[in-house]
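Read the structure below first, then the notes.
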Amino acid sequence: MKFRGRKYRISLSSGEIIIPLIALLFVLSYYFEVINLSPKTLLLVKPTLYLCFILSLFIFFKDGIKVSKIPKSAPPTLEHNLPGLAKKIGILLRNKTTRVILITPIAFLAIEKLGFIPIAFLYIIFTMYLLGQRKVLIFIFIPPVILLAIYFVFQVYLHVPLPMGILKGVW
Amino acid sequence: MFGSEMFQQWAVGFNAILSFDILFYILLGTFLGIVVGAIPGLTSGMATAILLPVAFFMAPLNALVFLGAIYVSCMYGALLTAILLNTPGAPEASATTLDGYPMTKQGKASEALGYGIGASATGGLISYMVFLVAMYPVAKFALKFGPSELFLVAMFGIIVVASLKGEAFHKGLLAAALGLLLGTIGIAATGEWRATFGNIYLAEGVQIIPSLIGLFAVAELLYLAERKFVMPSGKGEKQSFGRILAKMRGIFRYPGTIARAAIVGITIGAIPAAGGTVAALVSYSEAKRSSKHPEKFGTGCPEGIIAAETANNASTGGALMTTLAIGIPGSSTTAIILGALMMHGLCPGPRLLVEQGEIVYGLIMALIFSQGLMVLMAAFVGHRFTGLLRVPTHILVPVILVFCMVGSFVIRNSMFVAYLMFAFGILGWIMRKYDYPPIAVVMGIVLGPIADEMLLLTHMRFGDAYYLAFFTRPISLALVILTIIVVLRPYLGKYLSPLGKYLHHKRESKH
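First to last, the protein sequences are chains H and L. Taking my numbering, the leading residue of the first sequence gets 33, the next gets one more, and so forth. Taking my numbering, the leading residue of the second sequence gets 796, the next gets one more, and so forth.
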């Protein structure tokens, strides 16, 4: 994202500001959550909060914001970079990692309602497809083998119950 | 008294591993470690993080032996691809490629494997012998530490890890501070609920397992998802077991190189977060410097392989010693092993040896035993695992992600932990992308509660002027000075390097 004045151009490095922004949000919410606690409880927390706050701001301004001089030949108009942003979002959505990031929380939600085995089965197939797998044999062979292994290790060997959802009591 | 007590502990440890369960977990851990180690991109940290939930349901010694065997055998797996494919299976084997792959190109792959496997086993064995003997005195010394020293040790561990990024120290420090804050969530030692945001699941603090699985395994998988294969291709070569065996014995023609590499490996391994990669690189350059034929290094010289492999395996013993005796992880994988100890209710540090000597010495004995097993596995079948490089990521990623999901769920039987794990995964992925060290967050989460409790105890003992204790007690003062050196090192390095270059130049010109 870029903001442009008459002589200088300020550009935000969207990647470099993510972690400082997350840290700032976390620090502020942490601070307001613990503000009323006794000083003994905050012996270590307080200085850490201040350190985190200062470092986040420092990195935000040091690595996240770039100020550069506009060459005299360039027209002094304001630049709207929205088409570029839309393009970036498009690229992001086509990215395989973004697809995995989007699909996984949906799978978590479904696991709570419908149980682990059926959702994990669908999740493996769907994610493999999204990542580029097209061989039907792989879809037929891999998910059942993996889920059988998980079922055996956790439910049978370690006696740890898996989330059953609506299938509770079926097996 | 000192000796007899120690021998008694050794006997107890040896006795503890004489069970079918332990032998099974050593075998399984070794096998998994070699497989994971042979696949570049899959690290020992990732493997131990994914298998942590399984270890959660095992007896403490079984869990430690299982995770420990994975940790040390990953080094073996890594050397196979480093030598055969010029692709280190793990960063620790980077130095091995320098001479290993040239030997493969000369048609001496079996010889290179023999040197590598033999040196790895020797480095590992020397390091565990030192671990066995030194553990007791180190822990006894660490028993002298009071709360102020333990607080400073924890802070030292966190800051060392943060400083690994060199000139991007501020990024490492931010990651460590974030980890420290995450580690202090939950019911404080004073009994107050701290930063739980009204969530009952956070009352016990941020669980170590989901954070480890997220930051190490899920983050790595999200990164791998962007690639088609773990590695573009791998070409198989036939190896001869006879030649591998002959060269394994051949390493003893280089006793000086082995001894030097073992010392370098153990020492660097014991420094928090320095790890096997640094050990192998330092040992390689040291071997080259002291060799009669330094010009042969990099062209397929056995000494290069021996120096690198002895050191990276020897570093595991040093790293485990620091982890168990002082409670400061020597590497990312030992941080996970530390997490495993804590999740079994064991407190790492000097008291562990006093209260749970059986577990500590049982682990060392198991690791010594696993070295023999690894040699057999690596020499007989290990090199066949290089075919795993051809597994496409679109199969690998969903399958391992499902393991991560179920692994994080079963810890508390709650989906909240699974969500937490995934959030850590995304955080780790972004951190990796923008050059923040996720290990610093992990160190903060693991050591945060210890540091918090120790600081409170220091306050209770010394009153409001508690910070004076950091400067008036000798061990504390030494730790403060060490920490300051670590903090200033990246910045001072800029000014000191011209001096180093000048001294080196002077020494060279004298010769």
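Here a beta-carbon is modelled for each residue, glycine too, at the ideal position from N, C-alpha and C. Since the structure is predicted, the reported quantities are computational estimates derived from the model, not experimental observations.
Cβ of L/T1105 within 9 Å of Cβ of L/A1056? Result yes, Cβ atoms of L/T1105 and L/A1056 sit closer than 9 Å.
Do we get a CB-CB distance below 9 Å when we pair H/K72 with the residues of chain L? It does; some Cβ of chain L falls within 9 Å.
What does the Cβ neighbour count give for L/T891, buried or exposed, with the cut at 16 atoms within 10 Å? L/T891 should be labelled buried.
9 Å is my cut-off, CB to CB: does H/G47 come that close to chain L? True, the Cβ-Cβ gap to chain L drops below 9 Å.
Any idea what DSSP makes of L/L938, helix, strand or coil? Here L/L938 sits in coil by DSSP.
Let me know if L/I1063 comes out buried or exposed under the rule of 16 or more other beta-carbons within 10 Å of its beta-carbon. Answer is buried; the Cβ neighbour count reaches 16.
Could you name the residues that DSSP lists as bridge partners for H/K101? BP columns for H/K101 point to H/Y40.
Between H/K145 and L/G1009, what straight-line distance do the alpha-carbon atoms span, to the nearest angstrom? Taking C-alpha positions only, H/K145 is separated from L/G1009 by approximately 23 Å.
Look at L/A972 and H/T73 and say whether their C-beta atoms are less than 9 Å apart. The criterion of a C-beta distance shorter than 9 Å is not satisfied by L/A972 and H/T73.
Have a look at the DSSP bridge pairing and note the partners of L/I982. L/I982 pairs with L/W988.
Residue ranges of each alpha helix (DSSP H) within the segment 821-889 of chain L, 4 or longer: Here the runs fully enclosed are 839-851, 855-880.
Pick from L/K900, L/C869, L/G824: whose alpha carbon is nearest that of L/N857? Comparing Cα-Cα distances from L/N857 to each of L/K900, L/C869, L/G824, the minimum goes to L/G824.
Decide yes or no for the touch test of the segment 1236-1247 of chain L against the segment 937-955 of chain L: beta carbon pairs closer than 8 Å, at least 3 of them. In short, these stretches touch, since the Cβ pair count reaches three.
Taking all protein chains shown into account, do 16 or more other C-beta atoms lie within 10 angstroms of the C-beta of L/L813, making it buried, or fewer, making it exposed? If you draw a 10 Å sphere on the C-beta of L/L813, you find fewer than 16 other C-beta atoms in it, and that means exposed.
Tell me the rounded alpha-carbon separation between L/L1016 and L/Y820. Distance between the alpha carbons of L/L1016 and L/Y820: 26 Å.
Under the three-state DSSP convention, the category L/R1268 falls into: Coil.
Residue-level contact to chain H via CB, L/L822, 9 Å cutoff: With 9 Å as the cut-off, L/L822 does not count as an interface residue toward chain H.
Does DSSP classify H/I51 as helix, strand or coil? Secondary structure at H/I51: helix, using DSSP grouped into helix, strand and coil.
Below 8 Å on C-beta distance, what does L/I1190 contact in chain H? Chain H residues near L/I1190: M160, Q165, I170, I174.
Would you mind stating whether L/G1258 and L/N1107 have Cβ atoms separated by less than 9 Å? Contact: no.
Do you know whose CA, among L/F1175, L/I1123, L/L1277, L/M1249, lies nearest L/T985's CA? The candidate whose alpha carbon is nearest that of L/T985 is L/M1249.
Buried/exposed call for H/V177, threshold 16 Cβ in 10 Å: Label assigned to H/V177: exposed.
With a cut-off of 8 Å, do at least 3 Cβ pairs link the segment 900-917 of chain L to the segment 1045-1059 of chain L? Between the segment 900-917 of chain L and the segment 1045-1059 of chain L there are three or more inter-stretch CB-CB distances shorter than 8 Å, so the stretches are counted as touching.
Please confirm if L/G1258 has its CB atom under 9 Å from at least one CB of chain H. Answer no: the Cβ-Cβ gap between L/G1258 and chain H never drops below 9 Å.
Hey, out of L/L938, L/E800, L/T979, L/M1200, whose CA is closest to L/A1012's CA? The shortest Cα separation from L/A1012 among L/L938, L/E800, L/T979, L/M1200 belongs to L/M1200.
Is the beta carbon of H/I156 sitting closer than 9 Å to the one on H/L190? The answer is no: Cβ separation not under 9 Å.
Kindly give me the distance between the Cβ atoms of H/L76 and L/A963, rounded to whole angstroms, as I take these residues to be in contact under 8 Å. The C-beta distance from H/L76 to L/A963 rounds to 24 Å, too long to meet the 8 Å contact threshold.
Cα separation between L/L1277 and L/A1014? Their Cα atoms are separated by approximately 32 Å.
Compare the C-beta of L/A1264 against all C-beta atoms of chain H and say whether one is closer than 9 Å. The C-beta of L/A1264 comes no closer than 9 Å to any C-beta of chain H.
If distances are taken between C-alpha atoms only, which option among H/K78, H/I121, H/Y161 comes closest to L/T979? Out of H/K78, H/I121, H/Y161, H/K78 has the C-alpha closest to the C-alpha of L/T979.
8 Å contact criterion, which L/L977 and L/V1001 should meet: CB distance rounded: Contact flag correct, Cβ pair sits at about 5 Å.
Residue closest to L/I1101, alpha-carbon to alpha-carbon, out of L/M898, L/P848, L/A811, L/L862: The alpha carbon of L/I1101 has as its nearest neighbour, out of L/M898, L/P848, L/A811, L/L862, the alpha carbon of L/M898.
Meets three-Cβ-pair contact criterion under 8 Å: the segment 876-889 of chain L and the segment 1082-1090 of chain L: No, they do not touch.
Specify the secondary structure class of L/M796 as computed by DSSP and reduced to three states. The predicted model places L/M796 with a pLDDT of 44, which falls under 50 and marks its position as unreliable; any figure quoted below should be read in that light. In the three-state reduction of the DSSP assignment, L/M796 falls in the coil class, being assigned neither a helical nor a strand state.
Assuming H/Y40 and H/I102 form a contact by the criterion Cβ under 8 Å, report the distance between their Cβ atoms to the nearest whole angstrom. Contact flag correct, Cβ pair sits at about 7 Å.
Quick one: Cα of L/H1088 to Cα of L/M801, how far? For L/H1088 and L/M801, the distance between alpha carbons rounds to 43 Å.
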